[in-house]
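A short worksheet on the structure shown next.
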Amino acid sequence: MSIRSSMTPLSIRNPQMLLIPVSSIMLISLIVTVCLGLTHARAASNPSSQSGASTIAPMLQSPLLSSQVISNTLAQPGQPVRTKTYLPLVFRPPEPQPASITLAAAPERLPANGSSSTVLTVQVQDQRDMALPQATVIMSTTLGRFPNDNTSISLLSNETGTVTTTLTSVLSQDETALVITAQAVASKGQSPIITTTIILDVPSRILLTALPSTLAANVERTSAIRATLQDARGLPIPGYPVDFITDLGLFANGDTQQSTLSDASGIATLDLQAIPQLGTARLSVQAGNAAATTEVVFEPDMCADDLEDEPNNVPNEARLQSPAVCIGSFEDEPAQEDDYYLIYLEADQTVTLDLTRIPAGADYDLILYDETLDFVAFSRNHDQEDEQLSYTHPRGQREAYYIRIFMDKKSATNENTYRLRIQVD
Numbered sequence: 002m003s004i005r006s007s008m009t010p011l012s013i014r015n016p017q018m019l020l021i022p023v024s025s026i027m028l029i030s031l032i033v034t035v036c037l038g039l040t041h042a043r044a045a046s047n048p049s050s051q052s053g054a055s056t057i058a059p060m061l062q063s064p065l066l067s068s069q070v071i072s073n074t075l076a077q078p079g080q081p082v083r084t085k086t087y088l089p090l091v092f093r094p095p096e097p098q099p100a101s102i103t104l105a106a107a108p109e110r111l112p113a114n115g116s117s118s119t120v121l122t123v124q125v126q127d128q129r130d131m132a133l134p135q136a137t138v139i140m141s142t143t144l145g146r147f148p149n150d151n152t153s154i155s156l157l158s159n160e161t162g163t164v165t166t167t168l169t170s171v172l173s174q175d176e177t178a179l180v181i182t183a184q185a186v187a188s189k190g191q192s193p194i195i196t197t198t199i200i201l202d203v204p205s206r207i208l209l210t211a212l213p214s215t216l217a218a219n220v221e222r223t224s225a226i227r228a229t230l231q232d233a234r235g236l237p238i239p240g241y242p243v244d245f246i247t248d249l250g251l252f253a254n255g256d257t258q259q260s261t262l263s264d265a266s267g268i269a270t271l272d273l274q275a276i277p278q279l280g281t282a283r284l285s286v287q288a289g290n291a292a293a294t295t296e297v298v299f300e301p302d303m304c305a306d307d308l309e310d311e312p313n314n315v316p317n318e319a320r321l322q323s324p325a326v327c328i329g330s331f332e333d334e335p336a337q338e339d340d341y342y343l344i345y346l347e348a349d350q351t352v353t354l355d356l357t358r359i360p361a362g363a364d365y366d367l368i369l370y371d372e373t374l375d376f377v378a379f380s381r382n383h384d385q386e387d388e389q390l391s392y393t394h395p396r397g398q399r400e401a402y403y404i405r406i407f408m409d410k411k412s413a414t415n416e417n418t419y420r421l422r423i424q425v426d
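Sequential numbering of the sequence shown, starting at 2, is according to our numbering.
This is the structure in structure tokens:
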């Protein structure tokens with residue numbers, strides 16, 4: 002900086018440091034250069050000065066705002082030196098500018114699930130390697146989104162020169178990488194651009210199990226279908242969409258297809274509900290490009306009369322029977338025995354009953370009664386022919402119905418079992 006005499010006295014914040022008005026002395030130039038905390042000073046006197054002597058107090062080595070006193074010998078033109086004055090000189094450090102920047106991500110890998118996030122930390126320093134607050138940091142990404150739901154964001158560093166934000170991954174079927182760039186910008190400069198890379202992991206394989214793998218064909222029975230997602234390193238993939246499909250049975254949504262997300266351990270589980278149908282359920286599971294299959298076998302259940310001891314020979318002994326394919330049996334008695342089962346129908350529901358596996362030489366009949374014990378449907382084929390009936394509940398409220406299996410003729414082999422299928426739609 003330069004200090005020169007003028008017709009207007011110099012304004013000094015600390016007037017005690019000035020002994021005479023600057024305007025009363027000859028022109029003296031003081032030139033001070035400050036760079037990176039080191040102050041260089043020199044004095045130049047006007048050529049008309051007889052003495053030209055000037056002295057500058059100790060050099061400033063600090064980057065902080067400081068004051069020093071310049072001692073100058075002053076003279077009037079054409080006169081011998083007769084007075085000395087002391088002028089304060091304020092040394093101001095250069096305005097800090099962003100000189101360096103660091104960028105860190107934790108974690109450095111993310112599942113490509115569109116929901117997991119990494120924490121980004123930026124540290125800004127000035128040209129003296131000191132933390133730089135209130136610096137504008139601009140970040141951008143090739144994939145994913147910042148909290149502003151954009152691919153770029155601008156933030157100010159705090160008092161420690163730090164900026165912290167998050168970046169959320171994208172949903173992808175293929176392993177990929179996203180590149181994040183960061184730069185600190187100020188009015189008189191900017192830092193170099195720095196980058197970091199985040200790997201996005203996807204399911205590489207699925208471990209699929211069904212527990213149990215054999216299931217009674219009863220709507221009250223379920224099997225837990227469990228899919229464990231792993232990346233190429235064998236680590237779990239959380240929060241990733243998983244699609245389940247079955248060709249037999251139903252999922253909790255009442256359909257043969259359902260999707261869910263893997264949990265924090267990379268596990269996705271759905272219950273497969275049995276239906277009144279025998280066979281093998283073939284299940285397939287897919288997550289991204291990874292897939293797996295498993296099977297669940299539906300086999301006959303035991304009817305309610307065999308699960309709980311007989312008798313169930315009259316309506317008030319009827320036991321509640323869920324829709325199922327089940328095996329029942331009569332007591333080892335002469336013909337004319339009955340088995341009763343209780344079911345409930347909601348408005349407009351239809352029940353379909355199938356009686357099969359009637360022993361050779363036997364004749365069983367199938368009858369349906371409403372809750373007042375009026376019969377509403379029946380099937381009475383000859384001998385061991387299968388029996389089948391269907392009935393739709395006509396009223397608007399839930400009501401009880403009784404299924405009656407009547408032994409019209411006993412088998413000569415003394416075999417007394419049957420297979421009953423109850424389907425409610």
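From the three backbone atoms N, C-alpha and C, an ideal C-beta is built for every residue, glycine too. Note that this is a predicted model, so its numbers are computed, not measured.
Going by beta carbons, VAL203 and GLN174 fall inside the 8 Å limit. Excluding the 5 residues flanking it on each side, LEU104 has same chain C-beta neighbours closer than 6 Å at VAL123, ALA183, ILE195, THR197, in chain order. As DSSP reads the structure, GLU388 sits in a beta bridge with LEU356. Cα atoms of LEU201 and LEU111: separation of roughly 5 Å, rounded to the nearest angstrom.
Assigned with DSSP and collapsed to three states, ASN313 falls in coil, not helix or strand. Of all alpha-carbon atoms in ARG283, LEU230, THR137, the one lying nearest the alpha-carbon of LYS189 is that of THR137.
Residues LEU354, LEU367, LEU369, ALA378, PHE379, SER380 of the same chain have their beta carbon placed closer than 7 Å to that of LEU390, with the five preceding and five following residues left out of the count. In chain order, ASP339, TYR341, ILE368, TYR370 place their CB closer than 7 Å to the CB of ARG405, counting only its own chain and leaving out the 5 sequence neighbours on each side. The beta carbon of SER266 sits closer than 6 Å to the beta carbons of PRO237 from its chain, once the five residues preceding and following it are set aside; these are given in chain order. Distance from the CA of VAL425 to the CA of SER412, rounded to the nearest whole angstrom, comes to 30 Å. For the pair of segments examined, the segment 137–146 was found not to touch the segment 214–229: the number of CB pairs separated by less than 8 Å stays below three. Cβ-Cβ separation between ALA218 and GLU300: approximately 6 Å, consistent with a contact (criterion under 8 Å). With a cutoff of 8 Å on beta-carbon distance, THR167 and THR119 are scored as near each other. Short of 7 Å from the beta carbon of ALA401, and not among the five residues preceding or following it, lie these beta carbons of its own chain, in chain order: LEU343, TYR345, GLU372. For ALA132, the closest of VAL326, GLY115, VAL164 by C-alpha to C-alpha distance is VAL164.
GLY162 and ALA211 have their C-alpha atoms spaced approximately 54 Å apart. Membership of GLU400 in the beta strand (DSSP E) is indicated by the continuous run 400–410. DSSP places ALA291 in the strand class (E or B) of the three-state scheme. Taking GLN398 as reference, the option from ASP349, PRO360, ARG358 with the minimal CA-CA separation is ASP349.
For ASP364, the CB contacts under 6 Å within the same chain, skipping 5 residues up- and downstream, are ASP384, ASP409, LYS410 in chain order. Here PRO97 has ASP127, LEU133 as same chain residues with Cβ atoms under 6 Å from its own Cβ, once five neighbours each way along the sequence are excluded. Secondary structure of ASP306 (DSSP, three-state): helix. In the three-state reduction of the DSSP assignment, GLU318 falls in the helix class, which pools H, G and I.
Distance between LEU321 and ASP256, taken at the CA atoms: about 26 Å. As for any beta strand (DSSP E) of minimum length 3 sitting wholly inside the segment 123–150, the runs are 137–142, ordered along the chain.
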